[in-house]
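Chemist: Can you read through this structure? Questions will come right after.
There are 2 protein chains.
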Amino acid sequence: MVIFNDMGKSLIVQKYGGSSVANTDRIKNVANRIASYRKKGHSVVVVVSALGDTTDELLELAGRITDKPSDRELDMLISTGEQVSVALLAMALHRIGIDAISLTGPQVGIITDRTHTKAKILKISADRIRLELKKGRVVIVAGFQGMNADQEITTLGRGGSDLTAVAVATTLNAGMCEIYTDVEGVYTADPRVVKDAKKLSVISYEEMLELASLGAQVMQARSMEVAKKYSVPLHIRSSFTDKEGTIISKEVKAMEEVLVSGVTANKGEAKVTICDVPDRPGIAAVIFKDISKADINVDMIIQNISRKGHTDLSFTVPMAELNKTKDVMNKIVRGVKAKGVVYNNEIAKVSIVGVGMKTHSGVAAKMFQALASKKINIDMISTSEIKISCVINKKYADGAVRVLHKAFNLGK
Amino acid sequence: MVIFNDMGKSLIVQKYGGSSVANTDRIKNVANRIASYRKKGHSVVVVVSALGDTTDELLELAGRITDKPSDRELDMLISTGEQVSVALLAMALHRIGIDAISLTGPQVGIITDRTHTKAKILKISADRIRLELKKGRVVIVAGFQGMNADQEITTLGRGGSDLTAVAVATTLNAGMCEIYTDVEGVYTADPRVVKDAKKLSVISYEEMLELASLGAQVMQARSMEVAKKYSVPLHIRSSFTDKEGTIISKEVKAMEEVLVSGVTANKGEAKVTICDVPDRPGIAAVIFKDISKADINVDMIIQNISRKGHTDLSFTVPMAELNKTKDVMNKIVRGVKAKGVVYNNEIAKVSIVGVGMKTHSGVAAKMFQALASKKINIDMISTSEIKISCVINKKYADGAVRVLHKAFNLGK
Chain A
444 MVIFNDMGKS LIVQKYGGSS VANTDRIKNV ANRIASYRKK GHSVVVVVSA LGDTTDELLE
504 LAGRITDKPS DRELDMLIST GEQVSVALLA MALHRIGIDA ISLTGPQVGI ITDRTHTKAK
564 ILKISADRIR LELKKGRVVI VAGFQGMNAD QEITTLGRGG SDLTAVAVAT TLNAGMCEIY
624 TDVEGVYTAD PRVVKDAKKL SVISYEEMLE LASLGAQVMQ ARSMEVAKKY SVPLHIRSSF
684 TDKEGTIISK EVKAMEEVLV SGVTANKGEA KVTICDVPDR PGIAAVIFKD ISKADINVDM
744 IIQNISRKGH TDLSFTVPMA ELNKTKDVMN KIVRGVKAKG VVYNNEIAKV SIVGVGMKTH
804 SGVAAKMFQA LASKKINIDM ISTSEIKISC VINKKYADGA VRVLHKAFNL GK
Chain B
444 MVIFNDMGKS LIVQKYGGSS VANTDRIKNV ANRIASYRKK GHSVVVVVSA LGDTTDELLE
504 LAGRITDKPS DRELDMLIST GEQVSVALLA MALHRIGIDA ISLTGPQVGI ITDRTHTKAK
564 ILKISADRIR LELKKGRVVI VAGFQGMNAD QEITTLGRGG SDLTAVAVAT TLNAGMCEIY
624 TDVEGVYTAD PRVVKDAKKL SVISYEEMLE LASLGAQVMQ ARSMEVAKKY SVPLHIRSSF
684 TDKEGTIISK EVKAMEEVLV SGVTANKGEA KVTICDVPDR PGIAAVIFKD ISKADINVDM
744 IIQNISRKGH TDLSFTVPMA ELNKTKDVMN KIVRGVKAKG VVYNNEIAKV SIVGVGMKTH
804 SGVAAKMFQA LASKKINIDM ISTSEIKISC VINKKYADGA VRVLHKAFNL GK
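If you read the protein sequences in the order shown, they are chains A and B. First residue of the first sequence: 444, per the numbering used here; consecutive thereafter. First residue of the second sequence: 444, per the numbering used here; consecutive thereafter.
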């Protein structure tokens with residue numbers, strides 16, 4: 444999988460999450476791992492998150508000052524977390540005789556737009572990284588942060604360090620971008636729920652994107668999309684073992700038998716149902732315009748068959764946005780003259796994902812049958828080319844994952 | 444004392460030390476104090492240190508990684524402390540409706556030389572500060588830090604935040620530079636030792652310089668020297684009360700009676716005596732060349748009268764540098780063919796300081812007599828135009844301060 448870049452040696456970008464650098468011992472471990480790559484002749488650029496819970500601790504400090512900190516000052520505050528990590532990792536590398544230098548996002552030249560706390564990367568002028576690599580140094584980049592055109596410090600939002608790693612790997616045309624985390628890779632199902640869940644050795648960007656957005660929580664969808672767009676080969680693996688993890692790339696070997704790659708359950712959503720909406724053209728547009736204005740992330744949307752000119756309309760939102768949703772819904776319900784609105788946060792979304800299902804019929808039927816065999820009622824269904832999701836009662840979520848894992852023979 | 448600057452309003456620079464911003468409640472207090480200045484129509488630039496013991500905690504983290512962290516990475520690490528403070532203080536000001544913006548040393552344009560951990564400020568391009576002041580904002584500057592010509596983050600060493608404040612005040616031609624600390628000002632003696640020690644309402648740069656270097660620990664000598672050079676009026680005061688502190692300026696009202704402004708004792712030094720050195724020309728130069736090469740800070744130097752072509756040579760060094768000194772001394776003793784070397788860390792240096800003594804004779808005699816009245820033996824003496832210091836046994840230090848305070852009538 445190693446691609447040789449223009450520096451004549453294979454360049455690897457490694458990203459270490461907060462749990463991989465949670466304390467000084469783990470930082471030393473990371474340094475040893477990096478050293479082993481250097482000894483094999485690789486050039487290495489490392490992207491690091493803040494130590495353990497540092498970001499949350501800083502946010503708590505801010506919370507003790509004010510309920511509504513300005514986004515600009517929040518960025519000033521929380522960007523310090525990654526700056527601490529990079530300095531400590533550089534020291535740990537020096538200690539074992541590896542030449543290394545730490546750089547902040549602004550020093551690297553990660554230029555973002557003017558948004559604070561969830562800035563978008565506009566470009567990376569990686570001259571400084573190239574210069575340091577040429578000196579034979581390991582370059583340690585503070586993840587999650589950048590600088591806008593006014594020299595203001597910005598941060599990239601959730602999963603920002605992954606994004607830094609993928610963007611740096613793209614810019615440098617790296618042979619591989621390794622994402623180190625506290626899991627060993629991507630599994631056919633959550634190993635805590637399904638005993639015989641199997642680690643996937645390889646998976647496509649598309650499948651991983653569905654898994655990420657479905658709550659597999661290995662990597663943010665946003666970074667996956669950038670990786671896919673620029674074909675950056677990713678390797679999701681654990682910083683606590685030397686085992687191979689899961690490679691994510693566009694070239695997945697075609698294995699006819701593999702219909703489904705994995706099963707996931709997302710318990711972090713709530714269902715909102717608007718009852719008895721007068722069913723006239725454009726009514727959904729009216730409803731979702733107001734919801735989108737309130738910056739609420741709607742996932743599944745189901746509209747039932749119209750009865751007597753009225754219909755029920757259901758959708759799911761992240762649990763964290765349920766209160767915000769309720770605020771908006773009261774106004775919407777009055778506006779569209781619906782009978783009322785019902786909320787349900789005892790739901791789970793169970794999904795099967797796999798590129799194989801594109802060309803195979805009967806996958807959906809098999810899924811519904813498996814759930815039926817355990818007497819699990821399906822509340823909502825949505826499908827894409829490579830995914831089928833069913834909303835069910837939350838208490839059956841683990842059972843549903845197990846029966847689906849077995850039905851699609853994923854443990855083998 | 445308020446001088447009007449070119450912005451048409453009196454500009455005040457305030458510096459808050461670590462104890463003044465040790466926790467979020469204290470940060471809110473500081474915000475209230477700043478707000479009261481804004482309401483009086485002042486423009487305010489605030490320089491802030493790291494919260495409480497943050498810098499020490501960061502150094503401890505580094506210490507768990509390596510014994511010998513690189514200076515560059517240390518700066519990367521410890522400069523985060525002030526960045527946290529400025530962001531939190533900006534939030535605290537926003538909370539009470541005061542427009543404010545935080546800036547890092549690099550964002551301000553504090554340009555230093557290439558030294559790390561004790562960089563020298565080369566210049567401050569304060570355009571950004573001026574711009575923000577014109578918008579009516581309180582500008583909060585991270586103390587202690589700057590940037591060198593290579594965009595590297597540097598720190599200014601001990602007392603660095605004071606230096607930032609004085610340098611910013613100079614650059615902006617501020618009417619006053621207030622140094623907030625946990626003491627109420629400069630006293631005639633340490634109030635913990637001398638009950639009737641009096642707060643001085645005003646003192647000259649020269650006297651304060653002597654007091655700073657003598658261990659009064661209110662402000663670093665380095666910042667005092669810059670303040671003196673550019674005639675920045677300073678006000679040393681407490682962030683915990685509204686009482687006036689001590690003004691430091693060059694215009695001290697001449698009061699003929701005031702010979703002595705204060706008495707201090709420094710217990711942080713050790714005495715080194717080289718015994719029976721062959722007394723030939725240049726011998727002191729040889730000795731102190733090696734000591735200075737080892738970067739040891741020598742204070743008092745006394746050479747006794749030569750007897751039979753041999754002399755004793757004594758000097759004092761900071762206690763913290765005694766071990767380093769011992770390493771060098773063995774070589775020196777052999778080199779100059781001295782008989783041996785004796786160390787004494789049971790000493791204290793008691794000093795009286797005052798511009799008045801320049802023109803009055805008899806001050807030294809009065810000092811010696813006061814010490815003699817308590818049967819305190821004097822071991823070494825050194826004098827300058829505005830200071831007389833005596834080295835005595837450490838156990839008599841507090842008693843010596845008391846008797847001198849009384850002898851020069853400082854409690855009145």
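In this text, a Cβ means the ideal position worked out from N, Cα and C, and glycines have one as well.
Pick helix, strand or coil for GLU828/B, following the three-state DSSP scheme.
Modeler: Reduced to three states, the DSSP call for GLU828/B is coil.
Chemist: Buried or exposed: which applies to ARG777/A, given that a residue is buried once 16 or more other Cβ atoms fall within 10 Å of its Cβ?
Modeler: Answer is exposed; the Cβ neighbour count stays below 16.
Chemist: If you check the beta carbons only, do VAL741/A and VAL720/A fall under 7 Å apart?
Modeler: Not a contact, by the Cβ cut-off of 7 Å.
Chemist: Would you please verify whether the beta carbon of ARG665/A is less than 7 Å from any beta carbon of chain B?
Modeler: No, ARG665/A does not count as interfacial toward chain B.
Chemist: Assuming LYS714/B and ASN773/B are in contact, meaning their beta carbons sit under 8 Å apart, how far apart are those beta carbons, in whole angstroms?
Modeler: Not a contact, Cβ separation roughly 17 Å.
Chemist: Answer with yes or no whether the minimum CB distance from MET590/B to chain A is below 7 Å.
Modeler: MET590/B does not count as touching chain A.
Chemist: Listed from N- to C-terminal order along the chain, which residues in the segment 510-534 of chain A have their beta-carbon within a distance smaller than 9 Å of any beta-carbon of chain B?
Modeler: Flagged, chain order: ASP510, LYS511, PRO512, SER513, ARG515, GLU516, LEU517, ASP518, MET519, LEU520, ILE521, SER522, THR523, GLY524, GLN526, VAL527, VAL529, ALA530, LEU531, LEU532, ALA533, MET534.
Chemist: What in chain A is Cβ-close to SER545/B, meaning under 7 Å?
Modeler: Ordered by position in chain A, the residues that pass the 7 Å Cβ test against SER545/B are GLU516, MET519.
Chemist: So which residues of chain A does ALA569/B contact, with C-beta pairs closer than 8 Å?
Modeler: Those within 8 Å of ALA569/B in chain A number zero; the least Cβ separation is about 14 Å.
Chemist: Tell me which residues share the same chain as LEU531/A and place their Cβ nearer than 6 Å to its Cβ, disregarding the 5 neighbours each side in the sequence.
Modeler: Cβ within range, chain order: ILE470.
Chemist: Give me the residue from GLY705/A, ILE831/A, THR598/A, LEU765/A with the minimum Cα distance to ILE521/A.
Modeler: ILE521/A has its Cα closest to that of THR598/A, out of GLY705/A, ILE831/A, THR598/A, LEU765/A.
Chemist: Determine whether the Cβ of ARG507/A lies closer than 7 Å to any Cβ atom of chain B.
Modeler: Yes, its Cβ sits closer than 7 Å to a Cβ of chain B.
Chemist: Could you say which of SER463/A, GLU687/A, THR614/A, VAL771/A lies nearest to ILE739/A if we only look at CA atoms?
Modeler: With distances taken between Cα atoms, ILE739/A lies closest to VAL771/A.
Chemist: Grab the span of the alpha helix (DSSP H) containing SER735/B for me, first residue to last.
Modeler: That run of the alpha helix (DSSP H) goes 726-736.
Chemist: Say whether chain B places a C-beta atom closer than 7 Å to the C-beta of HIS753/A.
Modeler: False, the Cβ-Cβ gap to chain B never drops below 7 Å.
Chemist: Let me check understanding here. Comparing Cα to Cα, which of LYS566/B, ASP542/B, LYS830/B lies closest to GLU575/B?
Modeler: Cα-wise, what sits closest to GLU575/B is ASP542/B.
Chemist: Tell me, please, whether the segment 581-591 of chain A touches the segment 618-625 of chain A by the rule of three or more beta-carbon pairs shorter than 8 Å.
Modeler: Counting Cβ pairs under 8 Å, fewer than three are found: no touch.
Chemist: Out of curiosity, what's the CA-to-CA distance linking ILE554/A and LEU565/A?
Modeler: Cα to Cα, the separation comes out at about 6 Å.
Chemist: Taking buried to mean at least 16 other C-beta atoms within 10 Å of its own C-beta, is ALA813/A buried or exposed?
Modeler: Under this definition ALA813/A is a buried residue.
Chemist: Span of the alpha helix (DSSP H) holding PRO676/B?
Modeler: Counting along the chain, PRO676/B falls outside any alpha helix (DSSP H), and DSSP gives it neither H nor E.
Chemist: In chain A, which residues lie less than 9 Å from GLN594/B when you measure between Cβ atoms?
Modeler: Simply PRO549, GLN550, ARG571.
Chemist: Can you tell me whether GLN594/B is buried or exposed, with buried defined as 16 or more other CB within 10 angstroms of its CB?
Modeler: Exposed: under 16 other Cβ atoms inside 10 Å.
Chemist: Could you check where the beta strand (DSSP E) with GLY589/B kicks off and where it finishes?
Modeler: Its beta strand (DSSP E) spans residues 588-590.
Chemist: With a floor of 3 residues, list each beta strand (DSSP E) that falls wholly inside the segment 591-635 of chain A, ordered by position along the chain.
Modeler: Runs of the beta strand (DSSP E) inside the segment 591-635 of chain A: 596-598, 619-624.
Chemist: Out of curiosity, what's the CA-to-CA distance linking ASN466/A and VAL645/B?
Modeler: Going by the C-alpha atoms only, they are around 49 Å apart.
Chemist: Which partner residues of TYR459/B appear in the DSSP bridge assignment?
Modeler: DSSP output for TYR459/B lists VAL491/B, TYR623/B as bridge partner(s).
Chemist: By the 10 Å Cβ neighbour count, where 16 or more other Cβ atoms means buried, how is ASN475/A classified, buried or exposed?
Modeler: Exposed, by the Cβ-count rule.
Chemist: State the CB to CB distance for the pair GLU650/A and GLY797/A, rounded to an integer number of angstroms; the pair is presumed to be in contact (CB under 8 Å).
Modeler: Yes, GLU650/A and GLY797/A are in contact; Cβ-Cβ is about 6 Å, under 8 Å.
Chemist: Sorted by chain position, which residues of the same chain lie with C-beta nearer than 7 Å to LYS641/B's C-beta, five sequence neighbours on each side aside?
Modeler: Same-chain partners within the cutoff: TYR630, THR631, LEU853, GLY854.
Chemist: If you measure from the beta carbon of HIS537/B to each beta carbon in chain A, is any gap under 7 Å?
Modeler: HIS537/B counts as touching chain A.
Chemist: Along chain A, which residues have their Cβ under 7 Å away from the Cβ of ILE470/B?
Modeler: Residues of chain A passing the Cβ test: ILE508.
Chemist: The alpha helix (DSSP H) that contains SER816/B, what's its start and end?
Modeler: Per DSSP, SER816/B belongs to the alpha helix (DSSP H) from 806-816.
Chemist: Might you give, ordered along the chain, the residues of its own chain that have their beta carbon closer than 6 Å to the beta carbon of ILE745/A, omitting 5 neighbours on each side?
Modeler: The answer, listed in chain order, is SER757, MET823.
Chemist: For GLY451/A, count neighbouring C-beta atoms within 10 Å of its own C-beta (all shown protein chains included) and say buried if the count is 16 or more, exposed if not.
Modeler: Only weak support is given to the placement of GLY451/A: the predicted model assigns it a pLDDT of 41, under 50, and the value that follows is read from those uncertain coordinates. With fewer than 16 other Cβ atoms within 10 Å, it is exposed.
Chemist: Counting only beta-carbon atoms, is THR498/B nearer than 7 Å to chain A?
Modeler: With 7 Å as the cut-off, THR498/B does not count as an interface residue toward chain A.
Chemist: Locate the alpha helix (DSSP H) running through THR523/A, then write down its first and last residues.
Modeler: 514-538 is the span of the alpha helix (DSSP H), which, as asked, contains THR523/A.
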